[in-house]
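Report on the following structure.
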Amino acid sequence: MKIPFNKPLNLKESFEEISQLQKIGKFSANGNSYKQCVKILSRFSPKVILTSSCTAALEMCVLLLNIKKNDEIIMPSFTHIGTANPFVRAGAKPIWSDINKQTKNITDFEKLITSKTKAIIAVHYAGIACEIEKIKTICQKHDIFLIEDNAMGLGSFYNEKPLGSFGDLAVMSFHETKNIHCGEGGALFINNSIFWEKSDILYDYGTNKKKFLKNEVDKYAWVTLSSNFHISELQTAFLLPQLKILAKINNVRKQHWHRYYDALSKKIPQEDLPYLPESCQHNGHLFYLNTKNKKQRDLLLDKLHKANIEAVFHYTPLHSAPIWKGKFKNTKLPITTKVSNTIIRLPLFYDLQNDEIDYIVKQI
22 MKIPFNKPLN LKESFEEISQ LQKIGKFSAN GNSYKQCVKI LSRFSPKVIL TSSCTAALEM
82 CVLLLNIKKN DEIIMPSFTH IGTANPFVRA GAKPIWSDIN KQTKNITDFE KLITSKTKAI
142 IAVHYAGIAC EIEKIKTICQ KHDIFLIEDN AMGLGSFYNE KPLGSFGDLA VMSFHETKNI
202 HCGEGGALFI NNSIFWEKSD ILYDYGTNKK KFLKNEVDKY AWVTLSSNFH ISELQTAFLL
262 PQLKILAKIN NVRKQHWHRY YDALSKKIPQ EDLPYLPESC QHNGHLFYLN TKNKKQRDLL
322 LDKLHKANIE AVFHYTPLHS APIWKGKFKN TKLPITTKVS NTIIRLPLFY DLQNDEIDYI
382 VKQI
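To get this note's numbering, take the position in the sequence shown, counting from 1, and add 21.
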């Protein structure tokens with residue numbers, strides 16, 4: 022038995038959708054599949070733009086918020102590089118926050134806010150919500166923007182409200198490691214209406230094309246700097262059938278998640294298993310466990326690999342990355358460091374079988 026960490030979902034309906042494109046003859050952006058995907062996602066946000074990646078959606082956030090050199094962006098160090106890259110490239114300074122030991126989400130960040138703080142990025146790790154209502158209240162108190170990095174959490178909820186609907190802006194990922202995917206892809210949810218008009222301009226390469234199409238101007242022109250954030254019709258055609266059954270896909274993954282949890286809770290301390298606050302309804306994106314120390318983690322990873330199980334660790338803290346050349350060496354994030362050294366992610370994907378889960382649990 023050989024069990025991969027991830028097996029991207031392949032629905033036959035996705036390939037049928039792609040085959041239809043040959044008849045239609047539309048392969049670039051903004052075709053019928055794109056529009057149908059947007060319609061489905063509009064259940065979660067009043068304005069949705071599909072992008073070529075989650076990082077591209079964050080690059081749009083940078084432009085929408087007019088991020089400039091020396092602006093400060095508070096974010097967890099325990100996150101993907103893509104969370105920070107767009108802001109750092111724009112000259113902003115990342116202000117690293119520690120995380121909650123149980124949820125692995127950003128916590129205790131209000132003390133980091135200064136007059137230079139432009140936004141908070143709240144990452145919903147493993148598809149389990151941050152204390153997002155509390156975070157939103159703090160952002161409103163200090164008049165700063167809230168961005169939800171919901172790359173892992175499409176279809177998760179906080180107090181029965183969907184993740185991605187709390188922030189001024191929110192980003193999603195449709196990378197092949199996610200619950201639903203199109204190889205690469207992302208989405209930007211624009212919940213704050215002050216950004217709606219500008220987002221259309223940015224999406225149209227920095228032009229006012231949408232005003233032209235509405236006959237509001239006699240010709241469209243280049244009005245601001247932007248880029249190409251488009252996702253192809255091939256990708257949205259592949260994504261569409263999955264979006265239509267998102268709840269089913271997430272429910273299957275949650276069954277796998279709970280099978281892991283129920284079995285492992287009999288073998289290891291509850292504090293070393295994922296924590297689910299009562300306010301959170303998750304999407305079964307990721308199952309992890311914590312070891313006592315790095316040595317124990319490495320030994321367990323080695324044991325699992327020898328059993329042909331592709332388990333993996335997770336993020337190296339961004340504040341300690343070589344790119345900074347020790348700039349943040351005095352930044353102390355003890356929980357982030359501890360979690361990074363002790364976390365193990367177990368295989369979890371739609372087609373995972375119960376006997377495979379049982380085999381994995383047996384090795385732990």
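All C-beta atoms, glycine included, are put in the ideal place defined by N, C-alpha and C.
In the structure shown, residue 28 falls within a coil segment according to DSSP collapsed to helix, strand and coil. Close CB contacts of residue 112 within its chain, under the 8 Å cut and outside five residues either way in sequence, are with 88, 89, 90, 91, 92 (chain order). By the C-beta density criterion, residue 245 is exposed, having fewer than 16 other C-beta atoms within 10 angstroms. DSSP places residue 107 in no beta strand (DSSP E) but in the uninterrupted alpha helix (DSSP H) bounded by 102-110.
Judged by DSSP in its simplified three-state form, residue 336 adopts coil rather than helix or strand. Comparing C-alpha distances from residue 305 to each of 274, 285, 73 shows the shortest one belongs to 274. Assignment of residue 329 by DSSP, reduced to helix, strand and coil, places it in the coil class. With distances taken between CA atoms, residue 339 lies nearest to 114 out of 114, 29, 79. Scanning its chain for C-beta atoms nearer than 7 Å, with the 5 sequence neighbours on each side dropped, one finds around residue 225 the residues 231, in chain order.
Per DSSP, reduced to three states, the secondary structure at residue 357 is helical. Contact between the segment 231-241 and the segment 36-55 is absent: fewer than 3 CB-CB pairs across the two stretches fall below 8 Å. From the listed residues 128, 208, 45, the smallest Cα separation to residue 63 is found for 208. For residue 278, there is no enclosing beta strand (DSSP E); the residue is found in the alpha helix (DSSP H) stretching over 267-285. The segment 363-381 makes contact with the segment 28-39, as at least three CB pairs between them are under 8 Å. When the Cα atoms are used, residue 361 and residue 264 turn out to be separated by approximately 32 Å.
Per DSSP, reduced to three states, the secondary structure at residue 204 is coil, with no helix or strand assignment. If you look at residue 311, you'll find it in the beta strand (DSSP E) that goes 308-311. Listed in chain order, the non-local C-beta contacts of residue 282 below 8 Å within the same chain comprise 294, 295, 308, local neighbours out to five positions each way being set aside. Here residue 344 is exposed: its Cβ has fewer than 16 other Cβ atoms, across all protein chains shown, within 10 Å. Looking only at 98, 35, 75, the smallest Cα-Cα distance to residue 342 is reached by 98. When secondary structure is reduced to three states using DSSP, residue 49 falls in the coil class, being assigned neither helix nor strand.
Annotation for residue 233: the continuous alpha helix (DSSP H) segment containing it runs 230-234.
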